[in-house]
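Taking my numbering, the leading residue of the sequence shown gets 649, the next gets one more, and so forth.
To start, the structure itself, in structure tokens.
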Amino acid sequence: MKNQERIQKITEKYSGTVRLLSIEKEVLRFQSLSNHSLEKEITLEAGYQTIAGRFFRQDIPTEAETEYAINYIEDTLMSSKDLLNRNEVLVSSDEDLAEVFRKNGFTQSTFSRREVENLFTQYAYVVIGRPSSIQRSSVTREDFATILLLREITHHLGFEVIDLVD
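Set out below in structure tokens:
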């Protein structure tokens, strides 16, 4: 689907401004969509592979590595006030993000900040030494980076929910 068709489809579903999030390998991409068009795009050097490669030395990062990653993500997100939620709907058509939720037994397409936080907590338990058998699938540093990024986005930018769309 062409980008303009995708924007049209997403903006038809929601009223008001939509913030489209893409957690890509190298960058985070935020697109503000309104009236069937792209109004603004901001990219940050904080994709899931960027975070995993820069901060995590193995699939299960240490507590210190996790804290360094959190600090970097927070600083990066807060570098632009334009990223703060202004009564927008947060949506993502990111297949990698959807896959992280599916791997962990989630089947719905809308997730509250609390549900994102709860999933992050399950990964954090592994980091602090809780047996990885609590996970329904194997833990990868890319999955950990993806859910960590989403957690920081919802928390620091003020989004209460995220909708995953096709």
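Yeah, the Cβ is synthetic: ideal placement off N, Cα and C, and Gly gets one too.
Model, not experiment: these values are computed from the prediction.
Suppose the cutoff is 6 Å on Cβ atoms and the five residues either side in sequence are ignored; what does the same chain contact list for residue i look like?
i: E736; result: T665 and R667
i: D742; result: S670 and I671
i: K688; result: S680
I'd like to know if residue i contacts chain D, where contact means its C-beta is closer than 9 Å to some C-beta of that chain.
i: I776; result: Within the model displayed, chain D is absent; a lone protein chain is all it includes.
Considering only the alpha carbon of each residue, which of the options lies closest to residue i?
i: R762; options: L812, Y771 and R799; result: R799
i: F678; options: K650, S663, A717 and L738; result: L738
i: A632; options: Y716, I655, S663 and K688; result: As shown, the chain starts at 649 and ends at 814. That puts residue 632 outside it, with no answer to give.
i: Q770; options: L796, Y696, G806 and L676; result: L796
i: I644; options: R778, F749 and K650; result: Beyond the ends of the chain as shown, which are 649 and 814, falls residue 644; an answer cannot be given.
i: Q756; options: L812, R778 and L745; result: L812
i: L676; options: N766, D744 and R778; result: D744
Can you tell me the Cα-Cα spacing of residue i and residue j, whole angstroms?
i: Y773; j: D814; result: 31 Å
i: V764; j: R734; result: 20 Å
i: D723; j: E747; result: 27 Å
i: R784; j: E653; result: A caution first: R784 carries a pLDDT of 44, below 50, which makes its placement in the model unreliable, though a value can still be read off. Using only the alpha carbons, I get a separation of about 36 Å.
i: I776; j: Y720; result: 20 Å
i: F754; j: F768; result: 13 Å
i: T758; j: Y696; result: 21 Å
i: S663; j: A700; result: 35 Å
i: N651; j: R778; result: 43 Å
Can you list, in chain order, the residues of its chain whose CB lies under 8 Å from that of residue i, leaving out five sequence neighbours each side?
i: E713; result: F703, F704 and R705
i: E808; result: S760, R761 and T802
i: S781; result: Any answer about S781 is weak, because its pLDDT of 46 lies below 50 and its placement is not dependable; what the coordinates show is given next. Correct list: empty, nothing qualifies.
i: I718; result: L796 and E800
Could you name the residues of the same chain whose beta carbon sits closer than 7 Å to that of residue i, not counting the 5 residues immediately before and after it, in chain order?
i: T698; result: E674
i: I655; result: L681, H684, S685 and L686
i: H804; result: E722, L725 and M726
i: L732; result: L805 and G806
Please indicate yes or no: does the CB of residue i lie closer than 8 Å to some heavy atom of the ligand ZN?
i: I801; result: Only the bare structure without any ligand can be found here, which leaves the ligand ZN out of the picture.
Counting Cβ pairs, one atom from each stretch, are 3 or more of them under 8 Å apart for the region 700-709 and the region 784-795? yes
Contact between the region 654-662 and the region 672-688: three or more CB pairs below 8 Å? yes
Across the region 724-731 and the region 687-704, are there enough close Cβ pairs to call them in contact, namely three or more that are closer than 8 Å? yes
Please list the segments of the alpha helix (DSSP H) lying wholly inside the region 666-713, counting only runs of 4 or more residues, in order along the chain. 696-703
Ranges of the beta strand (DSSP E) found wholly within the region 758-783, counting only runs of at least 3: 758-760
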